[in-house]
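Going down the list, the protein sequences come from chains A, B and C.
Using my numbering, the first residue of the first sequence is number 13, and each one after it goes up by one.
Using my numbering, the first residue of the second sequence is number 1262, and each one after it goes up by one.
Using my numbering, the first residue of the third sequence is number 14, and each one after it goes up by one.
Even glycine gets a Cβ: it sits at the ideal position worked out from N, Cα and C.
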Amino acid sequence: MNKNDFKLIFGIIIICLIFIIIMNFIPKNQAKIAKIYHNNELVLKIDLSLKENKKYVVDGDKGKVKIVTKNGKIKVEEENSDLHLCSKQGYIENTYETIICLPNKVVIEIEGKKKDIDTVIK
Amino acid sequence: MQNKINKIIWFLFLVLLIGLIIYIGYDNLNKKKRENEYVKKIFYMDTYIYIKIYSNNKDKANKILNNVEKIYKEYHELTDKYNSYEGINNLYYLKNNKNNKEYIEIDKRLYEIIKYGKSWYKKSGGLIDISMGDVLDIWKKYRDNKNGIPNYEELQKAKNNIENIVLKDENKIKNNHVNIDLGSIAKGYTTKIVGEYLKKNNINKFLINAGGNVLVGDNFKNKKYTIGIEDPNSKTKDIFKIVTCNNMAVVTSGGYERYYEYEGKKYHHIIDPNTLFPTNYMKSVTVVTDDSALGDILSTTLFLMSVEDGKKFIENYDNVEVIWYTNDDKQVMSKGFKKYIYE
Amino acid sequence: METKKFIRLSMLLAISIILNLIENLFPFLNGTIPGVKIGLANIIIIYVLFTNSFMDALYVSILRVIIVGLLRTGLFSITFIFSLIGAIISLLSMALFKKITKLSIVGISIIGSVFHSLGQIICSIILLNNIHMIYYFPFILLVSIPTGIVVGIISKTLIDNTKDIL
């Protein structure tokens, strides 16, 4: 190894540091995708990391299911069922959380990079 | 000089040979292709069922998932007491059959599950009672209307005797007008059957979540599955404990999802066959054991007992660990539960 | 003379393939972190680059990728394309830096390692559409330094010790 090699190593480390510093200023945009299924079929994909406030409508077994996103969270706003369990559930945002509209056979899951919990029971 | 070159060539050959032997040996040891995740989401037995398997063969995985759906569908139809299906003598058929003082031929699978359910009546001190169909229907009616509570006489009249269910010849039943309800058994029982089916077909890495009945096989990575148990008090559906295990069933019974309120009191859907009313011991009970059918039954049984009675009750069973979430918000764990807690 | 060179390159190619396969056996050398590996096969590529020519190194490098691809992942799979692009980028950069700078073998090896990683990241951004790989970049770059040094020192020792005989 000669002097040039050490200069090279030094240079690479400097580039790395610059990169790390720059990246600290860019907010980490963790992809978070809400997937909406009806009867095992993917019907809608929503990127929650965009933090858009939007309304969506999908078909359920008992009629339309209205879905709302807000600040990277998602909820079912209106649906037709007896107990309205899933519209009562409110917003979800974590990858292990799901909204299940049993009578409508609609499921909302959130998929992200990190998944600490494989499944949830209640 | 020539000698040295020879030596080096021999050395290189040796490296090559050893490398090749290691490679072939290792390759044969791990003759697995890359495994992928295959998921199926289905709705049967009044619940959402999530099945995830890992396999290196796409066609096989899809075939197996379809067969798993078929198993759930068939058990759903057999144990459905509100709908009839063509060509199947299911619980609805038994309930509405006018000649049910005579033996009726039923599917062997239905026979087995009724027999299994019936066998638990004595073992559970009467807390698992599959002859409670009429009582549960009355409660369901009140729950759906969200108004009033049934009075004791009404329930007492509807109460049946489990001994009126008579089984014979591995496929015959005489149910003497008993409305059979397998609600507290069917999910866990079917999940156990599915687990056995998967293992028989060499699918050892799987996760099933059938509405409170989780069954896991081996993990995809070299770690354990993590299963979050939802906090019954949390409106935001937080998790109060994370259980971690492989090749285990984790089953929760909770009264906080299906209930109604009347005059400030909550009435959930799990009814004590002795009092014919919901009990108020627990908010949720979670059982970890290796048998999913047993887990389902134990979680219901323990839900209807105090923690002290429950602790005594599980002494009779090996490999059963429990976490109780009591009505006054205490969390109690059985002795060995600690080993399943995820840090 | 031609025959001798032919045999020599064939032997070297064989060794580089074996090194590549051995490396893939050990998860801690390859695969724990995407895009990071020691790159033992690069020893042979550097060896050929310094004792023969750039073109010879290119032959060996491409043939190695093709044969390893055939043995392990199958031709034209995603992994295959990844290693092909990585190998070519790293060799081109090594040849270029060898010509225009006064870096030693170790320095050239570091260059090879760095550009190999860079190639992997660019590949995953373009082929896998995974923009998040960019966050790995400084980390992978840092890891390339020790792996480059290890490979460089082995290559230098190999060249010094076999100068007279092969």
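Spatial neighbours of residue i within its chain, please: CB distance less than 7 angstroms, with the 5 preceding and 5 following residues excluded, ordered by chain position.
i, result
"Gly44/C", "Any answer about Gly44/C is weak, because its pLDDT of 49 lies below 50 and its placement is not dependable; what the coordinates show is given next. Contacts found: none."
"Leu76/C", "Leu26"
"Asn1588/B", "Asn1541, Tyr1542, Met1543, Lys1544"
"Glu123/A", "Ile45, Lys47, Thr107"
"Tyr1601/B", "Val1504, Thr1505, Cys1506, Val1549, Glu1582"
"Asn1462/B", "Ile1325"
"Glu1414/B", "none"
"Lys63/A", "Asn83, Gly84"
"Lys1448/B", "Met1306, Thr1308, Ala1471, Gly1472, Asn1474, Asp1557"
"Pro1411/B", "Ile1399, Trp1400, Tyr1403"
"Trp1381/B", "Ile1389, Ile1558"
Taking Cβ to Cβ, would you say residue i is nearer than 8 angstroms to residue j?
i, j, result
"Tyr108/A", "Val132/A", "yes"
"Asn1357/B", "Ile1365/B", "no"
"Tyr1309/B", "Ile112/A", "yes"
"Ile121/C", "Phe110/C", "yes"
"Leu1565/B", "Leu1388/B", "yes"
"Asp130/A", "Tyr1486/B", "yes"
"Leu1476/B", "Ile1374/B", "no"
"Ile1399/B", "Ile1423/B", "no"
"Leu1459/B", "Ile1314/B", "yes"
"Glu91/A", "Val77/A", "yes"
"Ile124/C", "Ser106/C", "yes"
"Met1393/B", "Pro1539/B", "no"
"Asn1351/B", "Glu1338/B", "yes"
"His50/A", "Val70/A", "yes"
Closest by CA to residue i, which one among the options?
i, options, result
"Ile1332/B", "Glu1457/B, Asp1590/B, Val1511/B", "Glu1457/B"
"Leu1483/B", "Arg1370/B, Ile1500/B, Cys1506/B", "Leu is not the amino acid found at residue 1483/B; the sequence shown has Asn there. Residue Cys1506/B is the option with its Cα nearest to Asn1483/B."
"Asn1406/B", "Glu1522/B, Asn1328/B, Lys1383/B, Asn1361/B", "Glu1522/B"
"Arg1519/B", "Val1300/B, Leu1355/B, Ser1380/B, Tyr1403/B", "Tyr1403/B"
"Gly1478/B", "Phe1564/B, Ser1553/B, Thr1340/B", "Ser1553/B"
"Phe19/C", "Ser29/C, Asp69/C, Leu155/C", "Asp69/C"
"Leu53/C", "Asn174/C, Ile167/C, Tyr148/C", "Ile167/C"
"Asn1465/B", "Ile1269/B, Asp1307/B, Asn1317/B, Phe1272/B", "Asn1317/B"
"Thr64/C", "Leu38/C, Phe95/C, Arg21/C", "Arg21/C"
"Tyr1372/B", "Lys1342/B, Asp1579/B, Thr1487/B, Lys1429/B", "Lys1429/B"
"Phe37/A", "Ser157/C, Tyr148/C, Thr92/C", "Tyr148/C"
"Val1439/B", "Ala1447/B, Glu1363/B, Asp1368/B", "Glu1363/B"
"Ile1397/B", "Lys1369/B, Glu1347/B, Tyr1382/B, Ile1531/B", "Position check: residue 1397/B holds Leu in this sequence, whereas Ile was assumed. Selected option, being the one with the closest Cα: Ile1531/B."
"Lys67/A", "His50/A, Ile86/A, Asn51/A, Phe22/A", "Ile86/A"
"Leu71/C", "Ser90/C, Thr114/C, Ile102/C", "Ile102/C"
"Leu171/C", "Ser90/C, Leu83/C, Ile58/C, Leu155/C", "Ile58/C"
"Lys176/C", "Ser23/C, Val61/C, Asn55/C, Ser29/C", "Val61/C"
"Ser1445/B", "Tyr1528/B, Val1593/B, Gly1515/B", "Gly1515/B"
"Thr1536/B", "Val1593/B, Lys1418/B, Phe1598/B, Thr1497/B", "Lys1418/B"
For residue i, collect the residues of the same chain with a Cβ closer than 6 angstroms to its Cβ; drop the 5 residues on either side in sequence, then sort them by chain order.
i, result
"Ile1312/B", "Lys1301, Val1329, Ile1469"
"Leu1559/B", "Val1548"
"Ile24/A", "none"
"Cys98/A", "Val88, Ile111, Cys113"
"Ser157/C", "Ser126, Val127, Ser130"
"Phe1272/B", "none"
"Pro115/A", "Lys74, Ser93"
"Lys1435/B", "Tyr1364, Val1427"
"Leu155/C", "none"
With which residues is residue i paired in a DSSP beta bridge?
i, result
"Gly75/A", "Gly72/A"
"Phe1304/B", "Tyr1309/B"
"Ile1503/B", "Gly1489/B"
"Ile1522/B", "The amino acid at residue 1522/B is misidentified as Ile; the sequence shows Glu. The partner list for Glu1522/B (beta bridge, DSSP) reads Lys1527/B."
"His1438/B", "None; His1438/B has no bridge partner."
"His50/A", "Glu53/A, Val118/A"
"Val1583/B", "Val1548/B"
"Val1512/B", "Asn1474/B, Val1548/B"
"Pro1539/B", "Ile1532/B"
"Met1594/B", "Ile1584/B"
"Ile59/C", "Its beta-bridge partners do not exist; DSSP assigns none."
"Asn1297/B", "Ser1316/B"
Please go through the same chain and pick out, in chain order, the residues whose beta-carbon is closer than 8 angstroms to the beta-carbon of residue i, but skip the five residues on each side of it.
i, result
"Ala43/A", "Asp59, Ser61, Gly124, Lys125"
"Leu54/A", "Lys47, Ile48"
"Val73/C", "Leu22, Leu25, Leu26, Ser29, Ile57, Ile58, Val61"
"Glu1335/B", "Arg1370"
Checklist entry - Just by C-beta distance, which residues in the region 1511-1524 of chain B are closer than 7 angstroms to chain A? => result Cβ contacts with chain A come from Val1511, Thr1513, Gly1515, Glu1518.
Next on the checklist: Please list, in chain order, the residues of the region 13-28 of chain A that have any C-beta partner in chain C closer than 8 angstroms.
Outcome noted: Residues Met13, Asn14, Asn16, Asp17, Leu20, Ile21, Ile24, Ile25, Ile27, Cys28.
Item to check | Short-range partners of chain B found in the region 54-78 of chain C, where Cβ spacing is below 8 angstroms | outcome: The region 54-78 of chain C vs chain B, Cβ under 8 angstroms: nothing.
Next on the checklist: Counting only Cβ-Cβ distances shorter than 8 angstroms, please list the residues of the region 110-133 of chain C near chain A, keeping chain order.
Outcome noted: Cβ contacts with chain A come from Thr114, Lys115, Leu116, Ser117, Val119, Gly120, Ile123, Ile124, Val127.
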